[in-house]
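Before any comments, here is the structure.
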Amino acid sequence: MVLERVCELVLATAESYPSRHIHTLVRHIHTLRGKKVNA
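Following full-length UniProt numbering, the numbering of the sequence shown begins with 1 at its first residue and continues without gaps.
And the structure:
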């Protein structure tokens, strides 16, 4: 799934990006999951 690839990219770039950006991406991922589940 696309979300799985996104998670892999986030983990792969976790060392390069500040924690704030990672938390923001995680929030967006959870939001997308919530929308798909609700839909």
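Each residue gets a CB set at the ideal place from its N, CA and C atoms; glycine is no exception.
Nearest-angstrom Cβ-Cβ length linking residue i and residue j, presumed shorter than 8 Å
| i | j | result |
| --- | --- | --- |
| V6 | I29 | 6 Å |
| V10 | L25 | 5 Å |
Distance between residue j and residue i (C-alpha atoms, nearest Å)
| i | j | result |
| --- | --- | --- |
| H21 | E8 | 15 Å |
| A12 | R27 | 17 Å |
| S19 | G34 | 22 Å |
Neighbourhood of residue i by C-beta, 7 Å cutoff - its chain only, sequence neighbours within 5 removed
| i | result |
| --- | --- |
| H23 | none |
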